[in-house]
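Encoded as structure tokens, the structure appears first; notes follow it.
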Amino acid sequence: MMLRKYVALLCLLCASSVQAADDCQVTIEQFHDVEQGYRIKGTTDGNRSFVAPNPPLRCAEITITSTSRKEKVAIWLREHIEATLIDGREVTATQLNFKQDDVKAGYITFRPQQAVWAYVCFSEDATPIASIECELD
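According to mature numbering (1 follows the signal peptide of the UniProt record, and there is no 0), the sequence shown holds residues -20 to -1, 1 to 117 in order.
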């Protein structure tokens, strides 16, 4: 009898940890590649230089959905959103903006199954974004 209770408790804990991992879901609405101008590059012999475009700033319009109610500091969230580029590298967000109406005293409130719109940018990179993930805990 005691073993059954132990197994039931263990299953309950495992199920809640799996649920917590899925607490933050990102839907990509649209990608934006923001051009960052040009830079001067030199040749290896040092005699000539030429103008080359900078890689674009990789940005996206996203919606973030949570399975539970949470209040988070908007600035804190920037460090908890990561993109995976198509070559497999992971990069952390450098800019994150929410609609002005969604930010109250610096906090964003996530309600169960209600999407919150955001505009997020990552570093300048020639490689496009494959996916975006977030963590609210």
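Even glycine gets a Cβ: it sits at the ideal position worked out from N, Cα and C.
Residue environment for Phe11: exposed (fewer than 16 other C-beta atoms within 10 angstroms of its C-beta).
Taking 8 Å as the cut-off, the beta carbon of Ile66 is found no closer than this to the beta carbon of Pro33. Residues Gly86 and Tyr87 of the same chain have their beta carbon placed closer than 7 Å to that of Val53, with the five preceding and five following residues left out of the count.
Spanning the alpha carbons of Thr24 and Asp81 requires a straight line of approximately 52 Å.
For the pair Ala95 and Phe78, the CB atoms are not nearer than the 8 Å cut-off. With a cutoff of 8 Å on beta-carbon distance, Thr74 and Ser111 are scored as not near each other.
For Leu76, the uninterrupted beta strand (DSSP E) run begins and ends at Gln75 to Phe78, by DSSP.
Selection Phe90, Arg91 and Ile8 evaluated against Thr43 yields Ile8 as nearest (Cα-Cα).
Distance between Thr45 and Val14, taken at the CA atoms: about 25 Å. Gln5 is the residue among Gln5, Ser103, Cys101 and Glu113 whose C-alpha sits nearest the C-alpha of Ser48.
Separation of Ala106 and Val31 (C-alpha to C-alpha, rounded to the nearest whole angstrom) is 16 Å. Around the beta-carbon of Arg28, fewer than 16 other beta-carbon atoms lie within 10 Å, marking it exposed. Glu51 is not a Cβ neighbour of Thr72, given a cutoff of 8 Å.
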